[in-house]
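J.:
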Amino acid sequence: MSEPKTVGLDSNPCHGCPADVDHDREVPEVDLLSPLTIRDVTFRNRIVMSPMCQYSATEGMADDWHLVHLGSRAVGGAALIFVEATAVTRDGRISPGDMGIWHDRHVEPLARIARFVQARGAVPGIQLAHAGRKAS
334 MSEPKTVGLD
344 SNPCHGCPAD
354 VDHDREVPEV
364 DLLSPLTIRD
374 VTFRNRIVMS
384 PMCQYSATEG
394 MADDWHLVHL
404 GSRAVGGAAL
414 IFVEATAVTR
424 DGRISPGDMG
434 IWHDRHVEPL
444 ARIARFVQAR
454 GAVPGIQLAH
464 AGRKAS
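If you number the sequence shown the way the working numbering does, the last residue is 469 and the count never jumps.
1. With the cut-off set at 8 Å, would you say A464 and I414 are in Cβ contact?
2. Per DSSP, which residues does V381 bridge with? Please list them.
3. Assuming V416 and L403 make a contact with CB atoms under 8 Å, what is their CB distance in whole Å?
4. Going by DSSP, name the residue or residues bridged to I371.
5. Go through its chain and collect everything with a Cβ distance to C386's Cβ below 6 Å, but skip five positions before and after it.
6. Which value, in whole angstroms, describes the spacing of the CA atoms of S428 and R445?
7. Which two residues bound the contiguous beta strand (DSSP E) that contains P457?
8. Identify whether G433 lies in helix, strand or coil by the three-state DSSP scheme.
9. By how many angstroms is the C-alpha of I380 removed from the C-alpha of A468?
10. Rounding to the nearest angstrom, what Cα-Cα distance links D357 and G425 in this structure?
11. Can you tell me whether R466 is buried or exposed? The criterion is at least 16 other CB atoms within 10 Å of its CB, across all chains shown.
12. Whole angstroms is fine: what's the gap from R470's alpha carbon to P442's?
13. Whose C-alpha, out of A412, D373, D437 and Q451, is nearest the C-alpha of M394?
14. Report all residues from its chain with a CB closer than 7 Å to the CB of H400; omit the five preceding and five following residues, and keep chain order.
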């Protein structure tokens, strides 16, 4: 077995890591397509669609465009589908085209997307957002 490699003058190649971390240990390969269970949620694989702002909502309402956009990722095999940044207040939007969840009328269109995503074997997620002082 070879000796650990030294980076620069420091014998710890990972600055900020504890000194006893074994940087030469074998790391098991993980199959990207294998299921993963976290607590009581099982994901069909390890592919996640991160939230991406589409700025396509009118008055915060998710519509058919969002259903097709997000649903197609579930049909395509992603295991976890995040809805874009969804404003918790009207005045807290990043842009006027943001999806929202500040009113009861926003819930059913989002639930429709969640049901579709779940029916296709994926787990729905949501990114709640407030743009703070930079809100539109």
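No residue lacks a Cβ here, since even glycine has one placed at the ideal position from N, Cα and C.
T.: For this structure:
1. As a working mapping, residue 464 is identified with position 131 in the sequence shown. As a working mapping, residue 414 is identified with position 81 in the sequence shown. Against a cut-off of 8 Å, the Cβ pair of I414 and A464 comes out as no contact.
2. By one-based count along the sequence shown, residue 381 stands at place 48. DSSP lists L413 as partners of V381.
3. Start at 1 with the first residue of the sequence shown, and residue 416 comes out as number 83. Start at 1 with the first residue of the sequence shown, and residue 403 comes out as number 70. 7 Å between Cβ atoms; contact.
4. Here residue 371 refers to the residue found at position 38 of the sequence shown. For I371, which the question treats as bridged, DSSP gives the partners V374.
5. Sequence index remark: in the sequence shown, residue 386 carries index 53 (1-based). For C386, where only same-chain residues beyond five positions count, the Cβ hits under 6 Å are E417 and A418.
6. Position 95 of the sequence shown holds residue 428. Position 112 of the sequence shown holds residue 445. Rounded to whole angstroms, S428 to R445 spans 23 Å at the Cα level.
7. Counted from its first residue, the sequence shown places residue 457 at position 124. P457 -> beta strand (DSSP E) spans V456 to A462.
8. As a first step, residue 433 is located in the sequence shown; it is residue number 100 there, counting from the start. Of the three classes helix, strand and coil, the one that applies to G433 here is strand, per DSSP.
9. Residue numbering aside, residue 468 sits at position 135 when the sequence shown is read from its first letter. Residue numbering aside, residue 380 sits at position 47 when the sequence shown is read from its first letter. Computed Cα separation, rounded: 31 Å.
10. Here the question's residue 357 lines up with position 24 in the sequence shown. Here the question's residue 425 lines up with position 92 in the sequence shown. Cα-Cα distance, rounded: 47 Å.
11. Against the sequence shown, residue 466 aligns to sequence position 133. With fewer than 16 Cβ atoms within 10 Å of its Cβ, R466 is classed as exposed.
12. Because the chain spans 334 through 469 in this model, residue 470 falls outside it and cannot be assessed.
13. Residue numbering aside, residue 394 sits at position 61 when the sequence shown is read from its first letter. With distances taken between Cα atoms, M394 lies closest to D437.
14. Reading the sequence shown from its first residue, position 67 is the one you call residue 400. As written in the sequence, residue 400 is Leu, which differs from the His given in the question. Hits under 7 Å: R445, I446 and F449.
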